[in-house]
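Taking the working numbering, the leading residue of the sequence shown gets 169, the next gets one more, and so forth. A short write-up of the structure that comes next.
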Amino acid sequence: MFWYKGSKETDTEGAVISNKNWDSGSNPGFAIGTFTDPRPGIGLNFAVEGSSRKDTDRYSNAIDGKWHHIAATFDRDGMMTLYIDGKKIDSTNISADLGKTIDVNDLNLILGADGNKRYPVNDSYIDELKIYKKVIEAYEIESVVSPYKVEAGENTATITWEALDNKFIPAYILFNGEKLMIPTDATSYEITGLEVNKEYSIEIITRDKVYTRNLVFGHEIGFKTTRRVDFETLNDVIAKVEAIDKDQYTVSSVAVLEKVLTEAKALINNENTTQEEVDAVITKLQTAIDSLVSAENIETNKTALGIAIEMAKNADLENVVPAVVKEFNEALANAKDVFDNINVTQDEVDNAFTRLANAMHMLEFYKGNKELLQKQVDQINGLESDKYIESSWNAMLPVLDKANGVLADENAMQEEVDEVYTELVKVFVNLRLKPNKDLLNDLINKANGLSEVNYTAGSWKVMNEALSNAKAVLDNPEATKQEVANAKEALTKAMSRLEEKTTDNNVNMVKSGDTTSVKTGDGANVIYLLTGFMITALVIFENKKWKMI
């Protein structure tokens, strides 16, 4: 934000403050400047590489040769806003450009010109420039321009003002629809009965000092009540805690106090801390102080703990699972600390002993020997899945995953290793190779080449059933080697037992693979055939008759 007095000339265009190349408005960077027709006045624009330019509206009243207060805020995940004389003029959304820089290589932030130190605005002045690292609120900007200041507490707000021009004084305050009259000789005014942590808005009306009914202008001011947290008592209690000689008290009771002390200090460093939180932690601190247990005259029996420590020093950790080794080492270190501390209680001694004893109980948790399991996994990894029947291969995969998990688990014990090894061997043995079906396929092709008309119905039926079964086995990806062999054997046997139909020499047999019907002779052949049957029948009849004479 800054104060600016510019030329009255409306045909002058240039940068008031900028870091961009003014040659093109689409160049990356930002600029607050004066613009000419068709929209003359003070304006603000902003652009990043690869994105369209964002503009606010322009305000022509600010180029009248008088001082005006200019402010611009850039909320990178929200709005870019232009304020003039404490009032919001316009804003535009720049959130789409979040994360993109407006820094321009080789260009700097320049006052009175663009980033190239060109396009200045003649006869213009800048004063009291301030650049903030945060987006300041509208009421903060307005408070800079307005002669009135508001200091808000929990339930009150005090309005003060600097000496105005000798011609003007504040007349009254508009608040919640009420007119709060300001005494003529007052230098401040307090509004009471406000709610904590609530935003309010007031308008202060200024009047002519002589002509009381001549109202000159109004200033709208926004503010928010905030609870002021009293840290004084908390700081006193913290100082009291830090002055305590911790060596005079048991370790466990001091540990509780230190934990609450850390919590209390965190509240002091937190700007969002409430009075309720401060009051609560003061109570907790005082309780922890009152609960300190004096280390004087505490008699503890450390005999069992000492014996356990000596035994633990000779423990063999070579093949113990890492998780147990870690807990054992931590338990032993804790036991030594407790044993050497004269201020510990009997409960602390007993707890240290129990923890160390439990860790020592687990020293039989040896790491499993994974050599055979690794060998079996490697063997399976060397197989080609497409050579095995799919169902048998899929049944093996979950067990293989389980085995890999055990291999990766540094804390796996022998029982776990043996269990998964047994499971893996079983599914490995149950793997079934896909059988070779070439011979069965050839046999099916031969059977398909036979013609039903050449064979007796009974033998053909047996062969056809064997053929159907063989085709089903051929099409079954899960068929076993034995099933293929059985289908081949059954079809071979059925084909070998096919019985040819008995026919006359003059009747043609259908050759293997022939798709035509059985052919008889022509009309003459049929007559000869019938005549032959008649002669044969006559001879037989005559013979029978002769025999009867």
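Just so it is clear, CB atoms sit at the ideal spot from N, CA and C, and this is done for glycine as well.
Boundaries of the alpha helix (DSSP H) around R523: 514 to 529. Taking C-beta atoms as the reference points, S292 and T202 count as a pair closer than 9 Å. Note on geometry: alpha-carbon atoms of D484 and E578 lie some 18 Å from one another.
Fully enclosed alpha helix (DSSP H) runs of no fewer than 4 residues occupy 582 to 597, 606 to 616, 625 to 643 of the stretch 575 to 655, in order along the chain. Its Cα nearest to that of S420, the residue E516 stands out among E516, G280, E322, V641. Of all alpha-carbon atoms in E532, K535, K470, L266, the one lying nearest the alpha-carbon of K504 is that of K470. In this structure, DSSP gives V184 an extended state, which the three-state scheme calls strand.
Selection S559, I475, V428 evaluated against S459 yields V428 as nearest (Cα-Cα). Distance from the CA atom of E305 to the CA atom of A239, rounded to whole angstroms, is 11 Å.
Of the candidates Y417, V488, R396, R396 places its Cα closest to the Cα of E445. Residue environment for L635: buried (at least 16 other C-beta atoms within 10 angstroms of its C-beta).
A distance below 8 Å between beta-carbons, with the five flanking residues on each side excluded, links P645 to the following residues of its chain, in chain order: I557, E558, K602.
In this structure, the beta-carbon distance from A339 to T380 falls below 9 Å. Excluding the 5 residues flanking it on each side, M530 has same chain C-beta neighbours closer than 7 Å at V492, in chain order. In terms of Cβ geometry, N598 and A647 do not form a close pair [threshold 9 Å]. Segment contact: the stretch 212 to 231 against the stretch 247 to 259, three or more CB-CB distances shorter than 8 Å; contact assigned.
Taking 9 Å as the cut-off, the Cβ atoms of W190 and G182 count as close.
Under DSSP, L250 forms a beta bridge with A240, D258. Taking 8 Å as the upper bound for CB-CB distance, T624 and K669 are in contact here, some 6 Å apart. Membership of T471 in any beta strand (DSSP E) is not indicated; the residue belongs instead to the alpha helix (DSSP H) covering 471 to 481. Per the Cβ contact rule, the stretch 433 to 449 is in contact with the stretch 398 to 413 (3 or more Cβ pairs under 8 Å). In the three-state scheme derived from DSSP, where H, G and I count as helix and E and B as strand, T202 is classed as strand. Per the C-alpha coordinates, the member of E591, T455, E296, M349 positioned closest to L541 is E591. DSSP lists K347, E371 as the bridge partner or partners of L342. Counting of Cβ neighbours within 10 angstroms places Y300 among the exposed residues, the total staying below 16.
Secondary structure remark: continuous beta strand (DSSP E) runs of at least 3 residues inside the stretch 275 to 334, in chain order: 293 to 295, 316 to 320, 325 to 329. Exclusion of the five residues before and after S369 leaves G390 as the residues of its chain whose Cβ lies within less than 6 Å of its Cβ.
DSSP lists no beta-bridge partner residue for D271. In the structure shown, K222 adopts extended strand secondary structure according to DSSP, grouped into three states. In this structure, the straight-line span from the alpha carbon of T418 to that of A463 is close to 5 Å. In the structure shown, N213 adopts extended strand secondary structure according to DSSP, grouped into three states. Per DSSP, the continuous alpha helix (DSSP H) segment holding E400 begins and ends at 400 to 410. Under the DSSP assignment, I510 falls outside any beta strand (DSSP E); it carries neither an H nor an E label. Only residues of its own chain outside the window of five on either side were considered, and among them E578, N579 have a CB closer than 7 Å to the CB of P490, listed in chain order.
Short of 8 Å from the beta carbon of A638, and not among the five residues preceding or following it, lie these beta carbons of its own chain, in chain order: L608, L611, I612, A615, A655, K656, A658, L659. Shown here, V364 sits in coil according to DSSP, grouped into three states, outside any helix or strand.
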